[in-house]
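> Chains as they are written, first to last, in this note's numbering: chain A, 37 to 538; chain B, 37 to 538; chain C, 37 to 538. Handing you this structure, nothing more for now.
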Amino acid sequence: MKIILACVAAVSVLAPLGALADAEVKVSEATQACIECHRVIHPGIVEDWQRSRHAAVSPKEAMAVKGLGLKVSSPSVPEELQSVAVGCAECHTLRPTEHADTFEHNGYDIHIAVSPGDCRTCHAQESEQYGKNIMAHAYKNLAGNKIFSDLENTILGGIQRKDGKWSIRPANAATRAEACYYCHGTQLKVIGKEVRNTELAGELEFPKIDGWPNQGVGRVNLDGTLGSCAACHTRHRFSIETARKPYTCKECHVGPDVPVFKVYEASKHGNLFSTHNRGWEFKAVPWTIGKDFAAPTCAACHVSLVVNTEGEVVAQRSHQMNDRLPWRMFGLVYAHPHPREPDTTLIRNRNGQPLPTDLEGGFASKYLIDKAEMDRRRRTLQAVCLSCHGTSWVNGQWGRFENTIRETNAKTLTATRIIQEVWEAGMASGPDRKASPFDEGIERRWADTWLIYANTIRFASAMGCGGDYGVFAEGRYQLNKTIMDLHDWLEFRKQMLPAKNP
Amino acid sequence: MKIILACVAAVSVLAPLGALADAEVKVSEATQACIECHRVIHPGIVEDWQRSRHAAVSPKEAMAVKGLGLKVSSPSVPEELQSVAVGCAECHTLRPTEHADTFEHNGYDIHIAVSPGDCRTCHAQESEQYGKNIMAHAYKNLAGNKIFSDLENTILGGIQRKDGKWSIRPANAATRAEACYYCHGTQLKVIGKEVRNTELAGELEFPKIDGWPNQGVGRVNLDGTLGSCAACHTRHRFSIETARKPYTCKECHVGPDVPVFKVYEASKHGNLFSTHNRGWEFKAVPWTIGKDFAAPTCAACHVSLVVNTEGEVVAQRSHQMNDRLPWRMFGLVYAHPHPREPDTTLIRNRNGQPLPTDLEGGFASKYLIDKAEMDRRRRTLQAVCLSCHGTSWVNGQWGRFENTIRETNAKTLTATRIIQEVWEAGMASGPDRKASPFDEGIERRWADTWLIYANTIRFASAMGCGGDYGVFAEGRYQLNKTIMDLHDWLEFRKQMLPAKNP
Amino acid sequence: MKIILACVAAVSVLAPLGALADAEVKVSEATQACIECHRVIHPGIVEDWQRSRHAAVSPKEAMAVKGLGLKVSSPSVPEELQSVAVGCAECHTLRPTEHADTFEHNGYDIHIAVSPGDCRTCHAQESEQYGKNIMAHAYKNLAGNKIFSDLENTILGGIQRKDGKWSIRPANAATRAEACYYCHGTQLKVIGKEVRNTELAGELEFPKIDGWPNQGVGRVNLDGTLGSCAACHTRHRFSIETARKPYTCKECHVGPDVPVFKVYEASKHGNLFSTHNRGWEFKAVPWTIGKDFAAPTCAACHVSLVVNTEGEVVAQRSHQMNDRLPWRMFGLVYAHPHPREPDTTLIRNRNGQPLPTDLEGGFASKYLIDKAEMDRRRRTLQAVCLSCHGTSWVNGQWGRFENTIRETNAKTLTATRIIQEVWEAGMASGPDRKASPFDEGIERRWADTWLIYANTIRFASAMGCGGDYGVFAEGRYQLNKTIMDLHDWLEFRKQMLPAKNP
C-alpha cells in the first residue's frame, strides 16, 4: 500500500455529511495521535466521530447546561477530561488497569472494548439505570438458566442422526456468538496476543479477544461491567437520533419471537412515523410531544425524557426501560408481571424451576413485581399515551390489552395440556422423563404457540395494531391452527398407537 | 398536578414542525375554549391540529378554489362554519342531536366520535362515494355473514379441550374489537355514563362507549353512519400526505391475508417510492403524474385525482375505490368479479350461501359486476398505467394478471376437492355434517391455500412483483407444497384408516 | 380523447421534482419528435427522463471527465451521439438491424427493448463486466438446467388430482414470465405484428413481443445480448441513486429464498441507513466512505467504486459483482465456492449432474473458483469492511461466517440423509426411481432446510445480523425444527408401514 505516508497532522472538525460542527473544541494530543493514522486506515470511524456531539462539545460545556437539557449526569467529571473533545483516547485509554484487553499501542495504553464502566465517567445516571435493566443481564439470564440454555441448545446445536436415533451436538462458540448472543451479548475474554504486520507501523502486538466483535445489550465486558452502550448509541457518532428512531430497536426486536418493530411499523403510530418523520426533530433534549414529534417511536414511550409544550415533564428518562412496563410479554410460556430483579436466574417457580411461572401459568409472585408497582408503571406509561389520547381512549385500549394477556395465557395453557398429555402417553419424551421439552418436532409446535404466536398477539394488542399481526401474521389465526394441529397429532397417534401408553 | 393553572388564552397557530401556517384564520370562541384546557392535557392533539389545513384555511376560502383543486365538495356549507377554522368545536359539536354520545361538557354539547356524517358537511361527495365503498360496510359484511363469522370464531375463539374432545368458546368483545374489527370497524354503543375526576375541572361526567377506541374503515357510528375518515386521514392533522403514502394502507393491508403493502414495497413502484419519495410532492391537488411523483403509491392507482402534465384528468378522485378494480382478489375461496353492492351479505351463491362463488368456483353472477362494468373499471385503472407505460407493456401485464386469476382459482379448486374428499371420508367434519369447515387442522391447511397463498400470488401479479412474493414468500412455492401436503395427509390416512369411510 | 391536439413543440428541461437541470444540452431532432407526442400520452416517462443525467449532460461532456469520476467508459462514442442529450431516439433507434423488434414508427426505425448491447455504446466496461455476472445468465441458468427446471415446474405447475393420484401440468408462459422469470429475465421473441388505433396518430403497426414486459437481470434480448440494465438503473431516470439504495436489490432479494434485504434492514448497517440516509450523498462518483455515506448499502460492498477520504480507491467498481464474493450462499443444497463461469449449466458434479455439489456436499471443484481466487475476493471485500472496522473485528466476523458455512452445510447433510432414507424406504419417490426430488410434501420440507433456512442463516451471518434472522425468523429455530419433523415423519411411517420397505 502506498498510502502509508499519508498521515496528516491537522484534523479539521468540518463535516459535510449532516454536520453538527457549530462548536469548536480542542482535541487532546492523544486523540490527535490516534486520528493521524486511523483517518487513513479507518476513515469511516474518524469521519463518523467528527460528526458526533462528542467531537463538538467539551464535557465542561455540556456540564454547564441547566435544567432538563443536561446530558452529562455525572456530578464530577475528571478535570483533565473536561476541556477536550471526547475523542478516541478519552474513551479507549480510560481506566487502563480495569480492562483486561489494555495493551501498549504506539506509546498509549489502549483498550479495544469500551464499556458502560467507561461511559459512566460522564453518564453516571444512565449507566446506573441501565444496570437495573434486564437487558444488561441478558448474557447470564440466558447462559446461566438451565432451561433457557436447553432451548438454546435445541435451536443452535448440530443435529446428528444414526441408526434411526438422533442427538444434538452443542453449538460451537462461533455459532453461539453470532446467534443468540449477538443480541444477548457475548462474554469477552482475552485469550492471548497476536502480532500483526500493520500498514502504517509495521509489526504490532494486539490482544486476541474471544467473543469479539459484539455489541449485544448484555455483553460481559473485560472490566467486568455489563452491556454495550453502542448497542443503541451506535459508534462512533453516538447520535441520540439513532437511539430514538425505531430502527435501532429493530436490530433485536423484529421477530417472530419479539415482533415489536413489525407490529409498530404497521400501527397508526408507525404509519405516522414513516410518513412524517423527516420533518421531526430527533435531537432535542428534552423531547417535546407535538412539537418535536407527532407520534411516538419506541424511545418516546419506553425510554426518553418527554415533556409537554409547556415544558413540563410527562415522563422521566429511563435506561432501566421497564419502569414503564408492568407486564413481561415475550420469551416465556406465559405473560407475567415483570421480575423484581434484572438477574432472572434467581427466580424459582413453585416447582423449583428458574421460570417466572409454572407450566400451568401460575406466577412465581415472590420474584415478580406486585400490583402496586404494576399500577405505578402503568400510570407512568399512560402519562405518555394521554398526551395525545383522551382518558376513555387510553382506558379502553388498556382494558383490551389486559384482556389479551389473559386470553393468550389461557390458549397457551390449552396447548400446554396437550403436550403434557403427549408426554404422559410417551409419544414424546418430556421433563417427566428428564428429557428436553424442546427437542422433538411436536414439542416445537407447542413452543410456537407461546414463543411466536402468543407473543405476536400481545404486541399487536399493546401497540394498537390488531389488523394483520393480531390475526393473520403469526397471530390468532396461527395460534388456534397450531392448537388444532397439536390436538390432531395427539388424537391420530392415540388411534394408531393404542398399546404405546405407558 | 401543578399544571392546572397553565391554561392560556392565546393560541398561536405557529408551528415549527412541518408547518403549514401560511394563512391566518379565525378560531371560533368554542374551539378557543377547547384549546385552552386541552393544549395542556393533550398537547399532541392540539399541536397536530395546529399544523393541519383545517387550522389554516377557512371553509369559505376553501370553497372559493376553482377547478380541480377544489377540496370542499359540498355546495352549501352552513354559513356559521364558513369563516372560522375547522377546529375542535366545529366537528365535535356538529349535529348534536344525531349522536348518541353527545354530552354536556363545560357548557358545550360535545360528541366524542366524529363520523362521516359530520365530515360530509364539507366533503359531501367523498362521503357519498365512500358509502359505496365495500369498506364502509366492513362491520356488517363480516359480523352479518354466518360463514365469515364462523371463520372469525375459529380464529379468535378460545379453544378448550376435555376428554380428548375440544370446543371453541366465542371470543369476547375486547378480543373481537382489537382483532378483526380493528380494521373492519367496531359497532359503537353508549352503554352508560361515568364520572371522572379531571385534572383541570374536577368531577365531570362522560359517556361510556362500547367498541371505543376504534378507527376501522367500517365503524358503525353513534349517528348511524358507517366508517371512520380518520382511518386514512389520520386525526388531527388530516393531512392528504398521510392518505397518499402507502403506510396508511399498510395498517390493514400488510398480510399475509392481504399482503398488499409487502408486495408493493418489493415492486419496482415501491422501490422508486422508497428511494425517491422525499423529493416528491404529496399535497398537491390535483396530483400531477411525473411532476409531483414518479411512481404510484396505492392512492395514485386506486383513489386520487391524477392529471397529466397538461393538467388533463387521467383518473377522477374516487372514495368508492373499487371503481378502478374489476376483480376482487382476496378474502374468499376464489377470485371473482367485484360485488355490485357494497353490502355483501345480500349475495347468495347457487347453493344459497352468502358467498360470491360456490365451492367449485362458479360465480354468483347475479350479484357481481358484469363484463361491461369490468371492462370499464379496467380501462379506468389502465389510464393510470398508460401514463408511464406503453400499450404493449400494459396489455402484457394485464394478460398475465388475468391468467393468474384463472390459474390460482384452478389450484384452489384442486385443494378444495381434496378437502371435500376428506370430509366425505369422515376424516374431518365439514359442511356436509353441519360442522364448521374451518375448525380442524387439515381444514386450516386448506384455508391457507386461498386465504394466504392464492391471494399473495394475485397481488404479486397485479403489482408486477413476481420475484419473491409471487414464488417463495407465501406464493407458488407454498401453494403447491400445501396441496402436496393435503394430498399426502389424505392418502396416508386412507391407508391407515381403511374402515373409517362412512 | 380530446387531448390529441395537445402536441407541443417546445420541451423544457426544467424540472421541479428533484431536478438535475444544471446543464443545458441539445436534444436531437429525432428525440424532439418522440417527445412531442409521448409527453402527452406517457408523461411519466418523459418527465422522468427530463430529470435524468442523460437529459442534462452530453456524452462529450461526460467523456471529458478526468479521473475516477468518469462514467462513460467507452473510449469511442460515435461522433453523432456525442453532442446531443441521450434521449429517446439515441437509445431506441440504435443498432436497428440488430434488434428483431425494430419497426417503422412515424418515420423512424424504433425498437422497444433497449439492451446492454445498446448501453455499451457509452458504458462498455460495465457492459462487459456484467456479461461475466452470473445474473446476466440467469435465464439459461434456470431454464437450461434440468434439475432447476424440475424444481421450477413443481413450484409453478398446475397440480391435478384424479383417483387418488396426482400430476403436475407445466406452467404456462404467462405464469413463468411473472414468477421465476420476473427476476431471472424472460426470453424475448417477436411473434408477429399488431395494428393499434392510436390516439395521436390513428392506426399504427407494432411488433408483438413474447416475454414482454420484463426487466429481469438475465433477460434474453432481441439483439441476442443478455440482461436489462434497467433492472437496477430504472428507466427513464437511470439515477445512480436508485441503484445504490438497497430498495432496488430488494426487488429480487427479499426472501425467503434470498432474504438479503430483510437481513440487511435488521442489521446495524441497515439501521444506520434507515436512520440517517436522508443526509447522505448517493450520486457522487467516486463514492467516499465516511463523507458521502456512513454505513454501506448493498452497492457499497458489492458493486460501487468506493474511495477513502484521501481519494484513494478502496474497491474498484464491479458489474461482475461476485468478484468480492468467495462463497455462493443460496439457491442450492450446499453453500460452495463461486462457479468459475457465469454459465452454470456447464457444471457437472461427480455424479454428472449440473450441480456445483453432489448430494453429500462434495464440491464440483473443477468448475468452482480455487482457494487463491477465494482469498483474493475475500480481501477485496474486506478492504471495504476495514474502512470502518479494525482488523480483529473483521477477522472475528469472517471466522464466524465461514464457521456458519460449515455448520449449515452439515445440517443440510443431516436433512439430506433423512430424505434419502425416505426415498430408499419407498415412502416417497426420489431420483433413485427417476422421479422428481421436489414434488412431494416431505421432499418440500427437505427443500425448506436448504432453500429457505440455511440460506437465511448464512445471510444473517454474512451481514452481522444474528438477532432474529439468524435464529427465529426462518433461521436456526426453523432449521432444527424441520430436521426434527423430517425425523419424526420417517420414524412414524417406519412404525406404521413396516412391510412397505422394498
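No residue lacks a Cβ here, since even glycine has one placed at the ideal position from N, Cα and C.
Under 7 Å, Cβ to Cβ, is there at least one residue of chain C near TRP248 of chain A?
yes
> Straight-line CA distance for TRP85 of chain B to VAL226 of chain A?
57 Å
> Using three-state DSSP, classify GLN251 of chain B as helix, strand or coil.
coil
> For the segment 213–242 of chain A, which residues have a beta carbon sitting closer than 7 Å to at least one beta carbon of chain B?
none
> Given a limit of 9 Å on CB to CB distance, which residues of the segment 475–508 of chain B reach chain C?
ILE493, ALA496, SER497, GLY500, CYS501, GLY502, GLY503, ASP504, TYR505, GLY506, VAL507, PHE508
> ARG197 of chain B CB to nearest chain A CB: under 7 Å?
yes
> Applying a beta-carbon distance threshold of less than 7 Å, which residues of chain C neighbour PRO79 of chain A?
Here the neighbours are ILE325, GLY326, ASN344, THR345, SER423.
> How would you call HIS523 of chain B, buried or exposed, if buried means at least 16 neighbouring beta carbons within 10 angstroms?
buried
> Let me check understanding here. Comparing Cα to Cα, which of B:ALA490, B:ASP468, B:MET463, B:TRP486 lies closest to GLY477 of chain B?
B:MET463
> Of all the CB atoms in chain C, is at least one closer than 7 Å to the CB of TRP363 of chain B?
no
> Counting only Cβ-Cβ distances shorter than 9 Å, please list the residues of the segment 298–328 of chain C near chain A, keeping chain order.
Listed by position along the chain: LYS298, GLU301, ALA302, SER303, LYS304, GLY306, ASN307, LEU308, PHE309, SER310, THR311, HIS312, ARG314, GLY315, TRP316, GLU317, THR324, ILE325, GLY326, LYS327, ASP328.
> Kindly give me the distance between the Cβ atoms of VAL507 of chain B and ILE191 of chain C, rounded to whole angstroms, as I take these residues to be in contact under 8 Å.
6 Å
> Closer than 6 Å by C-beta to GLY397 of chain C: which residues in its own chain qualify, once you throw out the five before and the five after it? Chain order, please.
TYR370, ASN445, LEU449
> Is DSSP giving LEU526 of chain A helix, strand or coil here?
helix
> Mind checking LYS281 of chain C: buried by the 16 CB within 10 Å criterion, or exposed?
Per the 10 Å Cβ criterion, buried.
> Does the count of Cβ pairs from the segment 137–147 of chain A and the segment 322–339 of chain A closer than 8 Å reach three?
no
> Pick helix, strand or coil for ALA389 of chain A, following the three-state DSSP scheme.
The question names Ala, but residue 389 of chain A is Gln in the sequence shown. Here GLN389 of chain A sits in coil by DSSP.
> Looking at the C-beta of ALA46 of chain B, does it have a partner C-beta in chain A at a distance below 7 Å?
Only weak support is given to the placement of ALA46 of chain B: the predicted model assigns it a pLDDT of 34, under 50, and the value that follows is read from those uncertain coordinates. No, its Cβ sits nowhere closer than 7 Å to a Cβ of chain A.
> One question on the structure: do ILE276 of chain B and LYS327 of chain B come within less than 7 Å of each other, judged by their Cβ atoms?
No, the Cβ-Cβ distance between ILE276 of chain B and LYS327 of chain B is not below 7 Å.
> Strictly below 7 Å CB to CB, what residues from chain C border ALA210 of chain A?
GLY435, ARG436, ASN439
> Determine, using beta-carbon pairs with one atom in the segment 161–179 of chain A and one in the segment 353–360 of chain A, whether at least three such pairs fall under 8 Å.
Yes: at least three Cβ pairs fall under 8 Å.
> Please state the DSSP three-state secondary structure of TYR144 of chain C.
strand
> Which residues mark the beginning and the end of the alpha helix (DSSP H) in which GLY306 of chain B is found?
304–312
> Mark ARG87 of chain A as exposed unless 16 or more other C-beta atoms lie within 10 angstroms of its C-beta, in which case mark it buried.
buried
> Would you say ASP259 of chain A and GLU134 of chain A are within 7 Å of each other, going by their C-beta atoms?
yes
> Near PRO378 of chain C, which residues of its chain fall below 7 Å by C-beta distance, leaving aside the five closest residues on each side in sequence?
LYS168, ASN169, ILE170, ALA172, HIS173, listed in sequence order.
> Looking at the strands, I want to know which residues DSSP matches up with ALA351 of chain C.
C:VAL342
> Can you pull out the residues from the segment 77–104 of chain A whose beta carbon lies closer than 9 Å to at least one beta carbon of chain C?
ILE77, HIS78, PRO79, GLY80, ILE81, VAL82, GLU83, ASP84, GLN86, ARG87
> Which of the three DSSP states is assigned to GLU317 of chain C in this structure?
coil
> Just to make sure I have the definition right: I need the residues of chain B whose C-beta is within less than 7 Å of the C-beta of TYR513 of chain A. Which are they?
Per Cβ cutoff of 7 Å: ILE191.
> Starting from TRP429 of chain B, find everything on chain C with Cβ-Cβ shorter than 8 Å and list it in chain order.
TRP248, PRO249
> Would you kindly check if the distance between the Cβ of VAL420 of chain B and the Cβ of CYS337 of chain B is under 7 Å?
yes
> Pop quiz: GLU214 of chain C and THR440 of chain B are said to be a contact at Cβ under 8 Å. What is the actual Cβ separation, rounded to whole angstroms?
Contact flag correct, Cβ pair sits at about 7 Å.
> Taking the alpha carbon of GLY180 of chain C as the reference point, which residue from C:THR157, C:PHE139, C:THR222 has its own alpha carbon closest?
C:THR222
> Since LEU240 of chain B is in the beta strand (DSSP E), which residue starts that stretch and which ends it?
238–246
> Taking the alpha-carbon positions, what's the THR284 of chain B to ASP293 of chain B distance?
17 Å
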